[in-house]
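K.L.:
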Amino acid sequence: TQLLEQSPQFLSIQEGENLTVYCNSSSVFSSLQWYRQEPGEGPVLLVTVVTGGEVKKLKRLTFQFGDARKDSSLHITAAQPGDTGLYLCAGRGTNRDDKIIFGKGTRLHILP
Amino acid sequence: GAGVSQSPSNKVTEKGKDVELRCDPISGHTALYWYRQRLGQGLEFLIYFQGNSAPDKSGLPSDRFSAERTGESVSTLTIQRTQQEDSAVYLCASSPLAGVETQYFGPGTRLLVL
Numbered sequence: 202t203q204l205l206e207q208s209p210q211f212l213s214i215q216e217g218e219n220l221t222v223y224c225n226s227s228s229v230f231s232s233l234q235w236y237r238q239e240p241g242e243g244p245v246l247l248v249t250v251v252t253g254g255e256v257k258k259l260k261r262l263t264f265q266f267g268d269a270r271k272d273s274s275l276h277i278t279a280a281q282p283g284d285t286g287l288y289l290c291a292g293r294g295t296n297r298d299d300k301i302i303f304g305k306g307t308r309l310h311i312l313p
Numbered sequence: 672g673a674g675v676s677q678s679p680s681n682k683v684t685e686k687g688k689d690v691e692l693r694c695d696p697i698s699g700h701t702a703l704y705w706y707r708q709r710l711g712q713g714l715e716f717l718i719y720f721q722g723n724s725a726p727d728k729s730g731l732p733s734d735r736f737s738a739e740r741t742g743e744s745v746s747t748l749t750i751q752r753t754q755q756e757d758s759a760v761y762l763c764a765s766s767p768l769a770g771v772e773t774q775y776f777g778p779g780t781r782l783l784v785l
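If you read the sequences in order, they're chains A and B.
Going by this note's numbering, the first sequence opens with residue 202, and the numbers climb by one from there.
Going by this note's numbering, the second sequence opens with residue 672, and the numbers climb by one from there.
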């Protein structure tokens, strides 16, 4: 059974600080995605990574896919209160019939 | 509308009653997913529709749960004889093609079973 473990579960930091959250698995994924979910809304896709070692940047957010395509990280530079939310990683395995599975998320709170 | 819509946005029901949740996907999207999200948790896969293929029902937690989809449009998720443990947000997502990773989520239906 494929599982995605996200850490930490909760993170509360001051505005302006940097942070990294992680998404780990023992399984290989053909692609991995990061979503952000705000209260009362559905998740919104931030990025998809598909190549081992790939790094993508989205303004202050940097996403990395591990070389072995088993893990990913999200680094936020100079966090802002608007970054507050639930960050979910999701991945699809390498078999044709594999479904996309989600981790339980990291709940991030940026204090002004 | 441009996005995925779900109705109702909130539903309060009594234990033992049946509920029906509706999802209108983005026009033209062939894939449709239902997820359950309990308070403070991640997304739990329920069911997946792709075009005319048989749906993947492997995530449905019990036979009280069922879902239908009319062609490539509206889907309904039905929960019979609701239990308090069914209380959660039910999220629907659609995707333009099978195997395409991007899922577009609706705002969810918040179900509370008293």
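Ideal placement from N, C-alpha and C gives every residue a C-beta, glycine not left out.
(1) Rounded to a whole number of angstroms, what is the C-alpha to C-alpha distance between E691/B and Q207/A?
(2) Within the 9 Å Cβ cut-off, does L762/B reach chain A?
(3) On a CA-only basis, which of L275/A, V229/A, V248/A, G286/A is nearest L220/A? Give me that one, please.
(4) For the segment 284 to 292 of chain A against the segment 231 to 242 of chain A, do three or more pairs of beta-carbon atoms, one drawn from each stretch, fall closer than 8 Å, so that the two count as touching?
(5) Name the residues in the segment 241 to 272 of chain A whose C-beta lies less than 9 Å from a C-beta of chain B; which are they?
(6) Going by CA-CA distance only, name the one from L768/B, L748/B, L710/B that's closest to T701/B.
(7) Please list, in chain order, the chain B residues whose beta carbon lies closer than 8 Å to that of I302/A.
(8) Name the residue from L710/B, S698/B, D689/B, S680/B whose alpha carbon lies nearest to the alpha carbon of S758/B.
(9) Tell me whether the beta-carbon of P696/B lies closer than 9 Å to the beta-carbon of T780/B.
(10) What does T773/B reach in chain A if we use C-beta pairs closer than 9 Å?
(11) Please check the pair Q281/A and I311/A, which I expect to be a contact at CB under 8 Å, by giving their CB distance rounded to whole angstroms.
(12) Scan the segment 697 to 712 of chain B for residues whose Cβ lies nearer than 7 Å to a Cβ of chain A and list them as they occur along the chain.
(13) Quick check on DSSP: helix, strand or coil for G243/A?
(14) Can you list, in chain order, the residues of the segment 719 to 752 of chain B whose Cβ is nearer than 9 Å to any Cβ on chain A?
(15) The beta strand (DSSP E) that contains L220/A, what's its start and end?
(16) For V683/B and G241/A, I'd like the C-alpha separation in whole angstroms.
(17) With a threshold of 16 other CB atoms inside 10 Å of the CB of K728/B, please say whether the residue is buried or exposed.
(18) By DSSP, does E756/B sit in helix, in strand, or in coil?
(19) Could you tell me whether any Cβ in chain B is nearer than 9 Å to the Cβ of A291/A?
(20) How big is the Cα-Cα spacing for N225/A and R740/B?
(21) Classify D727/B as helix, strand or coil using the three-state DSSP reduction.
P.N.:
On the basis of the data shown:
(1) 32 Å
(2) yes
(3) L275/A
(4) yes
(5) G241, E242, G243, P244, V245, L246, T249, V251
(6) L768/B
(7) F716
(8) L710/B
(9) no
(10) Q234, L246, T249
(11) 6 Å
(12) Q712
(13) coil
(14) Y719, D727, S729, G730
(15) 220 to 225
(16) 16 Å
(17) exposed
(18) helix
(19) yes
(20) 34 Å
(21) strand
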